[in-house]
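Residue numbers (the working numbering), protein chains in the order written: chain V, 22 to 249; chain F, 22 to 249.
Quick reminder that beta carbons are idealized off the backbone N, C-alpha and C, glycines included.
Number of protein chains: 2
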Amino acid sequence: MTQPNYSEEARMLVAVDCTIFGFDEEELKLLLVKRSFEPEKDKWSLMGGFLRDQETSDEAAERVLHDLTGLQQVFMEQVHTFTKPERDPGERTVSIAYYALINIKDHDTELSEQHDAQWFSLKDLPPLIFDHSQMVHKAILKLRQKTSTQPVGRELLPQKFTMRQLQRLYEAIYDEEFDKRNFTKRITLTNILKKLDEKDMSSSRKGAYLYEFDLEKDGHAHSYSFNV
Amino acid sequence: MTQPNYSEEARMLVAVDCTIFGFDEEELKLLLVKRSFEPEKDKWSLMGGFLRDQETSDEAAERVLHDLTGLQQVFMEQVHTFTKPERDPGERTVSIAYYALINIKDHDTELSEQHDAQWFSLKDLPPLIFDHSQMVHKAILKLRQKTSTQPVGRELLPQKFTMRQLQRLYEAIYDEEFDKRNFTKRITLTNILKKLDEKDMSSSRKGAYLYEFDLEKDGHAHSYSFNV
DNA sequence: TCAAAAGTGTTCACCGTACACCCATGG
DNA sequence: CCATGGGTGTACGGTGAACACTTTTGA
Numbered sequence: 022m023t024q025p026n027y028s029e030e031a032r033m034l035v036a037v038d039c040t041i042f043g044f045d046e047e048e049l050k051l052l053l054v055k056r057s058f059e060p061e062k063d064k065w066s067l068m069g070g071f072l073r074d075q076e077t078s079d080e081a082a083e084r085v086l087h088d089l090t091g092l093q094q095v096f097m098e099q100v101h102t103f104t105k106p107e108r109d110p111g112e113r114t115v116s117i118a119y120y121a122l123i124n125i126k127d128h129d130t131e132l133s134e135q136h137d138a139q140w141f142s143l144k145d146l147p148p149l150i151f152d153h154s155q156m157v158h159k160a161i162l163k164l165r166q167k168t169s170t171q172p173v174g175r176e177l178l179p180q181k182f183t184m185r186q187l188q189r190l191y192e193a194i195y196d197e198e199f200d201k202r203n204f205t206k207r208i209t210l211t212n213i214l215k216k217l218d219e220k221d222m223s224s225s226r227k228g229a230y231l232y233e234f235d236l237e238k239d240g241h242a243h244s245y246s247f248n249v
Numbered sequence: 022m023t024q025p026n027y028s029e030e031a032r033m034l035v036a037v038d039c040t041i042f043g044f045d046e047e048e049l050k051l052l053l054v055k056r057s058f059e060p061e062k063d064k065w066s067l068m069g070g071f072l073r074d075q076e077t078s079d080e081a082a083e084r085v086l087h088d089l090t091g092l093q094q095v096f097m098e099q100v101h102t103f104t105k106p107e108r109d110p111g112e113r114t115v116s117i118a119y120y121a122l123i124n125i126k127d128h129d130t131e132l133s134e135q136h137d138a139q140w141f142s143l144k145d146l147p148p149l150i151f152d153h154s155q156m157v158h159k160a161i162l163k164l165r166q167k168t169s170t171q172p173v174g175r176e177l178l179p180q181k182f183t184m185r186q187l188q189r190l191y192e193a194i195y196d197e198e199f200d201k202r203n204f205t206k207r208i209t210l211t212n213i214l215k216k217l218d219e220k221d222m223s224s225s226r227k228g229a230y231l232y233e234f235d236l237e238k239d240g241h242a243h244s245y246s247f248n249v
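This is how it looks when you write it as structure tokens:
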């Protein structure tokens, strides 16, 4: 059977949907948008968009994120592709789910207001359209997995941060509490942080040392693993 | 901006491509097909097919695998979605890559001959069309990851097998050799195997005990982890 | 009797975990 | 002077890794 082309096959819409993670010193949050068009207008959803003719899905995901936050060069990773025929009642649409890690203070709030976007605590999400809750769930699993092999603080924290902030971030990601002595030890072991002389005085009388990710060492072959 | 529908967006072909793993007591193999149509006719490729109107990608992957091997109820998992606009020169096609684990002796050889399919050692693959080599690469990584949290022997080995066969399988997956004492210990620890009274006499004078996966224990909460 | 594969245990180093007290400072 | 959060070390158990000799039996 030799076919000259694929003309009898079904064409369909392909979308990307982004689970956008941020961290506010307390808990993990997601940036959700109020959908501005039918179907499911005015319901909360992940930010998404359709794949264009000459675009990879990575590019589409970046574009979608940029439109909402003004940010570029953001860490994003593909999570899973969702294909149930009836998942979008408007028209058959296959959606490639992504997640993004952003510093919650960096994004352009005007842009996100234009999109009726809002940060929600991961622990208190509104109902989401279609299969977006499943996307969020898979995104968290993927984020945990990434966290277990690579540090994620650079993407989610300010440039300088305290050990406690980093710990709270990891606790939020794993939804689990850690002992601070063991946490400090494990992180120090990986050798990815540079301890600064500066202290952050905002959170306690004593003050907490600030750290930065050590760019010198980054890219070199130092092993990292954070098993919970 | 309220849109009544998505009419201005691009529709495209969506395909699934399957990396089919088998094990022949020695090495991991892939079942590849000689492509029967243009573009790239007569080149080696993963078995694939287009997503139909009322089909999930999981169903499409099963259908494609069934067409080639006659097998059903095979373990399959989604790997990654490939979206480069020019990846298929015939027409814009997004492809959802899957991998499958099959017992190399189970499949319908007539069917696979009809498709000009052939088993290739993972270590000696022919050039593959499009981005299929990348798909294979990601599939192996995913398989390793699965192997580290769940036993994969049930899918790839005959029902009864020796400890040595299981070890060779794991060595093939990780492309790494293990100490047989440590291997036996680690696997025994997980408690997933039942040692039979029978021996396999084909591989040595002494004979090797046969094992089965212990269905009693399966599904119960026994932890499994195989870290290399 | 010998060749070929199978089976089996111990030791050691490292890592993860549990756990409690003192420190610095602003109010 | 005291309340609040920050910082630090040790002891123990479990796990992964290294390692070598004996057993069986068909030829």
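(message) Any beta carbon of chain V sitting closer than 7 Å to that of methionine 97/F?
(response) no
(request) Quick one: give me the first and last residue of the alpha helix (DSSP H) that leucine 169/F is part of. (result) Note that residue 169/F is serine in the sequence shown, not leucine. Element bounds for serine 169/F: 153 to 170.
(message) Quick check: does the Cβ of threonine 104/V come within less than 6 Å of any heavy atom belonging to the ligand FAD?
(response) Ligands in the displayed structure: none, and consequently the ligand FAD is not present.
(request) Measure the alpha-carbon distance for alanine 118/V versus serine 66/V and round it to whole angstroms. (result) 12 Å
(request) Check the Cβ of phenylalanine 10/V against every Cβ in chain F and list those closer than 8 Å, keeping chain order. (result) Past the edges of chain V, shown from 22 to 249, lies residue 10/V, and the structure says nothing about it.
(message) Just to confirm the assignment: which complete alpha helix (DSSP H) runs, minimum length 4, are found wholly within the segment 170 to 209 of chain V?
(response) 174 to 177, 184 to 195
(message) Suppose you measure from the CA of serine 142/F to the CA of leucine 49/F; what does that come to, to the nearest Å?
(response) 6 Å
(request) Would you mind telling me which residues of chain V sit closer than 7 Å to lysine 105/F, beta carbon to beta carbon, in chain order? (result) Thr77
(message) I need the boundaries of the alpha helix (DSSP H) containing glutamine 75/V, first residue and last residue.
(response) From DSSP, glutamine 75/V is part of no alpha helix (DSSP H); its letter is neither H nor E.
(request) Output the boundary residues of the beta strand (DSSP E) element that contains serine 142/F. (result) 138 to 142
(request) Check the Cβ of leucine 34/V against every Cβ in chain F and list those closer than 7 Å, keeping chain order. (result) Tyr27, Glu30, Arg32
(request) Go through its chain and collect everything with a Cβ distance to proline 172/F's Cβ below 6 Å, but skip five positions before and after it. (result) Ile213
(request) State the CB to CB distance for the pair glycine 174/F and leucine 162/F, rounded to an integer number of angstroms; the pair is presumed to be in contact (CB under 8 Å). (result) The Cβ separation is near 19 Å, so there is no contact.
(request) Please confirm if valine 100/V has its CB atom under 7 Å from at least one CB of chain F. (result) no
(request) Starting from glutamine 135/V, trace the alpha helix (DSSP H) both ways and give me its first and last residue. (result) 130 to 135
(request) Identify which residue in Pro110/F, Ala121/F, His128/F, Gly91/F has its Cα closest to the Cα of glutamine 99/F. (result) Ala121/F
(request) Just grab the DSSP bridge partners of threonine 40/F for me. (result) Tyr120/F
(message) With H, G and I counted as helix, E and B as strand and the rest as coil, what does DSSP make of leucine 89/V?
(response) helix
(message) If I measure Cβ to Cβ from lysine 81/V and keep anything under 7 Å in the same chain, skipping five residues before and after, which residues do I get?
(response) It is worth fixing the name first, because residue 81/V is alanine in this sequence and not lysine. Same-chain partners within the cutoff: Val37, Gly70, Leu72, Arg73.
(message) Can you tell me whether arginine 84/F is helix, strand or coil according to DSSP?
(response) helix
(request) May I have the straight-line CA-CA distance separating valine 85/F from histidine 128/F, to the nearest angstrom? (result) 13 Å
(message) Per the DSSP calculation, methionine 97/F is bridged to which residue(s)?
(response) Ala121/F
(message) I believe tyrosine 230/F touches lysine 215/F by the beta-carbon criterion, under 8 Å. Please report the beta-carbon distance rounded to the nearest angstrom.
(response) With a Cβ gap of about 11 Å, tyrosine 230/F and lysine 215/F do not count as contacting.
(request) Please report how far the alpha carbon of aspartate 145/F lies from the alpha carbon of phenylalanine 42/F, in whole angstroms. (result) 14 Å
(message) Is the separation between the beta-carbon of phenylalanine 44/V and that of aspartate 109/V shorter than 7 Å?
(response) no
(message) Restricting to Cα atoms, I'd like to know which of Asn203/F, Thr130/F, Lys181/F, Leu177/F is closest to alanine 193/F.
(response) Leu177/F
(request) Report yes or no: is there a C-beta of chain V within less than 7 Å of the C-beta of methionine 22/F? (result) Because the pLDDT of methionine 22/F is 42, which lies under 50, any placement of that residue in the model is unreliable, and the number read from its coordinates should be weighed accordingly. Cβ-Cβ to chain V under 7 Å: yes for methionine 22/F.
(message) Contact defined as beta carbons within less than 8 Å: I believe threonine 130/F pairs with phenylalanine 247/F. What is the distance between those atoms, to the nearest angstrom?
(response) Actually they are not in contact, since the Cβ atoms of threonine 130/F and phenylalanine 247/F sit about 32 Å apart, beyond 8 Å.
(request) Please state whether DSSP places threonine 104/V in a helix, a strand or coil. (result) coil
(request) Give the interface partners of aspartate 74/F over in chain V, defined as CB-CB distance under 9 Å, in chain order. (result) Ala31, Met33, Pro106, Arg113
(message) Suppose contacts are defined by Cβ-Cβ distances below 7 Å. Is valine 95/V in contact with isoleucine 123/V by that definition?
(response) yes
(request) State yes or no: is the C-beta of threonine 40/V within less than 7 Å of the C-beta of alanine 160/V? (result) yes
(request) Determine the burial state of glutamine 180/F: buried for a count of at least 16 other Cβ atoms within 10 Å of its Cβ, exposed for fewer. (result) exposed
(request) Please name the residue, chosen from His101/V, Glu83/V, Thr102/V, that lies closest to glutamine 93/V on a Cα-to-Cα basis. (result) Glu83/V
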